[in-house]
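Chains A and B, in that order, give the protein sequences.
According to this note's numbering, the residues represented by the first sequence are 1077 to 1574, in order.
According to this note's numbering, the residues represented by the second sequence are 1077 to 1574, in order.
Data block below; observations after.
Protein chains: 2
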Amino acid sequence: MQQQLYVYNTLTRQQGLFQPIAPPHVGLYVCGPTVYGPAHLGHARCYLTFDTIKRYLQHIGYKVRYVRNITDVGHLERDADEGEDKILQQARLEKIEPMEVVQRYTNSFHSDIAALNIEAPDIEPTASGHIPEQIALIEKMLQQGCAYEVEGSVYFDIKAYEQHHRYGELSGRKLEDVLSGTRTLKSQAEKKSPVDFALWKKADATHIMRWPSPWGEGFPGWHTECAALGYKYLGSYFDIHGGGMDLLFPHHECEVVQARAMHNTTSAKYWIHNNMVTLHDQKMSKSLGNYITLAQLFQGTHPLLTRPYHPMILRFFYLQAHYRSTVNFSNEALQGAEKGYLKLMNGLKAIQNMRYPADVIESGRAEVHMTTIEQHIALGYEAMNDDFNTAKLIAALFQMLKLIHALETRSLAIEEAAFEKLKQAYTLFVVDILGLQPFFQTEPTNLIATIMQVYADAKQQKNYAQVDMLRAELKSKGITIKDTRYGAVWEYGEYPEV
Amino acid sequence: MQQQLYVYNTLTRQQGLFQPIAPPHVGLYVCGPTVYGPAHLGHARCYLTFDTIKRYLQHIGYKVRYVRNITDVGHLERDADEGEDKILQQARLEKIEPMEVVQRYTNSFHSDIAALNIEAPDIEPTASGHIPEQIALIEKMLQQGCAYEVEGSVYFDIKAYEQHHRYGELSGRKLEDVLSGTRTLKSQAEKKSPVDFALWKKADATHIMRWPSPWGEGFPGWHTECAALGYKYLGSYFDIHGGGMDLLFPHHECEVVQARAMHNTTSAKYWIHNNMVTLHDQKMSKSLGNYITLAQLFQGTHPLLTRPYHPMILRFFYLQAHYRSTVNFSNEALQGAEKGYLKLMNGLKAIQNMRYPADVIESGRAEVHMTTIEQHIALGYEAMNDDFNTAKLIAALFQMLKLIHALETRSLAIEEAAFEKLKQAYTLFVVDILGLQPFFQTEPTNLIATIMQVYADAKQQKNYAQVDMLRAELKSKGITIKDTRYGAVWEYGEYPEV
């Protein structure tokens, strides 16, 4: 690879040179959603983070296999080892079948995520679709003596595990501390130790989602799902395991424990965790009621929102921060992000429409040489190589933007090769790596060209009534007309009211 | 239900009153695609047929649970019991994992189908995601003596079945005829009779997609998949089983045979089959090379296409025929369909924009009374109640359209209630039941309003250069300006060049 990428690894608590196991291949596993409700701002941040990471890895030459699961069974309320399955609970509320709940929220997840220009993973396996794989894995753990069966359920045996391995390898938690913090729950009675976790749960009579197993009818535990899916599609030791920081403990710790017990690996070489979203500086959660779904954001229908926000505003908002920082969500912050986003996108439109030499100053003694552009580009790569620091990349792009504006106003001369390089690099960073798109695509743009022609005619004929009318009409649709010394151009304006 | 719906049942070869098993619930199962390549015109016709059927059933008051599977394993080349799995074959060609093939073509299927405004099913289960369910079903058939194991594969035993049941119940084929027409294939050696079919196939060493079973490692047979999925999500006897006519034999016959053996039912009460698509009067097939994918159609990239066609043109083209007729695909036929589609859509725009009493003649002695409108509407329902005859419904809509045009040109007077009823019914049939949408949605429409305002000003000021320019510009974007006695209006024009 031409780029030396440095990645922060939760496992080592350090940032180091990224060296995949078998380059140019990179196996990337990310914990997907439990599909019992609409996707919210927290989901968006996680999947956007790994979308950007995947885009960058691909750009610098890696062949990425990206696996992201859909949890459709086994995730119990409060992420615990007892209580109702989240899918079943929702099915009861909506009076439909569990698999109808799964389908409904898988579909809405896909469309919300696509609106954010987050690309689909290469493989998107479901928990319920991999029961034999999970049973095989549990049988292996039983054979190795690090699991035990009680009354049709199977638990991972932390005490047995500790004879050969160290608990807390990923999260850094100490077993004593975890033990002392564990609440005594009903199901704990079955477990040898409260820190043991369920690999397979016996289904009681009312539990609809059930499968036969060597231990009777039941369903797999949540932590077993990702262990089985990562293993099946990426092997016993792959490159990157990602997810939200909230999954680090116990979910990811339990995955490492299983991988260590079965294959003596940490499952992944690099563990990457994105940080949380807060709302008005409070942790965002369902129970606090400060929980905003993506659909609510896009339509402006949550009481805490003063208006709708286009998905691209959210994308830019998140990219403005490094993925390991918390971001605080507020109307003001989003509106600030919109301004920055519009600047970047208008710069993109400006440079893409500029033609050399017609629209710029060319000069035998050009002021902007190739070396200047290369320095700018190097700053962009430097940002991304520093643990995918999109915040720093955006700062670098704003520096390039100054250059673009100077070219636009004919206040700097530039070499042709430097000009083409700038256009190509700016597009690459904004569109391919950051994944930003304009609010609207081809069709209205075609009509704008017609309107701009009418506008130019009206200006020439000093038909100011029509000039004003056109400006006002377009403004209400998110388009700003800007008169320049070189004629009128249109720019992306604020997101129009829905 | 208010409507008396008559449905043609392949099982009885008759059209009869639709009486679901437990109204208002209707269980609908449709065989989904094998996701080893892009969706083509044949897929579109099948899923459009059942989308329309589902929309109509819901409209007349049924609560439909629509299950449509994704075949991601077990469908072998030439639909036979031996040869390579279609998914594995494609994985080898594309040099990726089988599940990457599955994901790629599932995603493209979803987006092509959504472009046709075909709604997602309520449950979309996969074959590979239901291995335990298929194994359980095979075990049941073994117990009942209508299946046998040979060398790690399990076959359905037609001879044993015939002792209690009659083969050919759905397709009408006679066992003797089928037997005499069966080619002798290598795997036949394992079978007691060439008409027996595989429920489970042993995986040879190179076969990647494999699962443990009581008979060793292997994979399920294609016919078992739909039997298991229909049973799991709709029960042992449900209302409607649908699919393309090409699946009637052997696929659906094998499903009936399994359902009869296990539960003594025909699996579904109603079996509905849509007819095939021919291309220039030849059967459309991959081997003949006259095979057009949906992406090729939408982009105009197949050599047999003279231009791209918008998904809605295809939707209307198919709806113009009854689903049990063949349709012959040609550029001329599609361009003819486009004209009809545009008439319906312009009628929709006209009636939706008309306001009572401003835009129509109201009159104390109205010529159009409620009874006239009710007769028109009755014709629409009559068409759909006659085995979902969308061709007849479209004819009825063209009659309503004459009325709409007469109102538009102020050549008929109408009662207010009749006017509102007409608007509501025309919208219902065109938008909700036929599922037709305009080529473009909100955004460009907003800009058209601005342009129409400029156009009106230009006309008034006799600025004919601008008038001509605007007409030409809009025409190139699929919009026609029409001058009427009551001012200029825009209409949907031909699909613009891409």
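All C-beta atoms in this analysis are idealised placements derived from N, C-alpha and C, irrespective of residue type, glycine included.
With a threshold of 9 Å between beta carbons, Lys-1553(A) makes contact with chain B. A contact between stretches requires three or more CB pairs, one per stretch, nearer than 8 Å, and the segment 1422 to 1439 of chain B meets this requirement with the segment 1487 to 1506 of chain B. With respect to chain B, the C-beta atom of Ala-1212(A) has a partner C-beta closer than 9 Å.
Contact between the segment 1104 to 1124 of chain A and the segment 1358 to 1375 of chain A is present, with at least three C-beta pairs closer than 8 Å. Proximity of the segment 1123 to 1143 of chain B to the segment 1303 to 1317 of chain B meets the contact definition, three or more beta-carbon pairs being nearer than 8 Å. Straight across, the Cα-Cα distance linking Val-1353(A) with Pro-1100(A) is about 33 Å. Not flagged as an interface residue toward chain B: Pro-1096(A), since no C-beta distance is shorter than 9 Å. Along the segment 1144 to 1175 of chain A, going in chain order, the ones with a CB nearer than 9 Å to a CB of chain B are Ile-1172, Glu-1173 and Met-1175. Using a Cβ-Cβ cut-off of 8 Å, Ile-1207(B) is close to Ile-1207 and Pro-1208 of chain A, given in chain order. Taking a 10 Å sphere around the C-beta of Gly-1456(A), we find 16 or more other C-beta atoms and assign the residue as buried. For His-1186(B), the enclosing alpha helix (DSSP H) starts and ends at 1174 to 1191. Ile-1194(A) places its beta carbon less than 9 Å from that of Tyr-1123(A).
In this structure the segment 1398 to 1407 of chain B touches the segment 1460 to 1476 of chain B; the number of beta carbon pairs closer than 8 Å is three or more. Counting along the chain, Arg-1547(A) sits inside the alpha helix (DSSP H) bounded by residues 1540 to 1551.
For Trp-1566(B), not one C-beta of chain A is nearer than 9 Å to its own C-beta. Comparing C-alpha distances from Gly-1511(B) to each of Val-1565(B), Leu-1390(B) and Glu-1176(B) shows the shortest one belongs to Leu-1390(B).
A straight-line Cα-Cα distance of about 36 Å links Ala-1442(A) and Met-1388(A). In the structure shown, the three-state DSSP call for Thr-1147(A) is strand.
Rounded to whole angstroms, the separation of the alpha carbons of Val-1436(B) and Ala-1426(B) is 11 Å.
With respect to His-1356(B), Phe-1405(B) sits close: the two C-beta atoms are nearer than 9 Å. DSSP places Glu-1200(B) outside both helix and strand once states are collapsed to three, so it counts as coil.
Nearest neighbour of Thr-1282(B) by Cα position, chosen from Gly-1103(B), Leu-1504(B), Asp-1161(B) and Pro-1384(B), turns out to be Asp-1161(B). Taking a Cβ-Cβ threshold of 8 Å, the residues of chain A close to Tyr-1309(B) are Glu-1173 and Met-1175, in chain order.
DSSP, reduced to helix, strand and coil, places Lys-1535(B) within a helical segment of the structure shown.
In the structure shown, Ala-1156(B) adopts coil according to DSSP, grouped into three states. Going by DSSP, Asp-1463(A) is part of no beta strand (DSSP E) at all; its letter is neither H nor E. Residues Ile-1557 of the same chain have their beta carbon placed closer than 7 Å to that of Arg-1547(B), with the five preceding and five following residues left out of the count. Under the criterion of beta carbons closer than 8 Å, Glu-1408(A) and Met-1446(A) do not qualify as touching, at roughly 41 Å. Against Ile-1199(A), the close residues of chain B are Glu-1173, Met-1175, Glu-1176, Val-1178 and Gln-1179, in the order they occur along the chain (beta-carbon pairs closer than 9 Å). Secondary structure of Phe-1393(A) (DSSP, three-state): helix.
As DSSP reads the structure, Arg-1141(B) sits in a beta bridge with Gly-1103(B).
Every unbroken stretch of the beta strand (DSSP E) spanning 3 or more residues and falling wholly within the segment 1332 to 1369 of chain B is given here in chain order: 1344 to 1350 and 1353 to 1355.
Judged by their CB atoms, Val-1230(A) and Ala-1236(A) are not nearer to each other than the 9 Å cut-off. In the same chain as Glu-1331(A), and ignoring 5 residues on each side of it, the C-beta atoms closer than 7 Å to its own belong to His-1299, Cys-1302, Ala-1303 and Ser-1343, in chain order.
Of all alpha-carbon atoms in Asn-1461(A), Leu-1381(A), Ala-1454(A) and Pro-1326(A), the one lying nearest the alpha-carbon of Ala-1156(A) is that of Pro-1326(A). Distance from the CA atom of Arg-1141(A) to the CA atom of Gln-1134(A), rounded to whole angstroms, is 10 Å.
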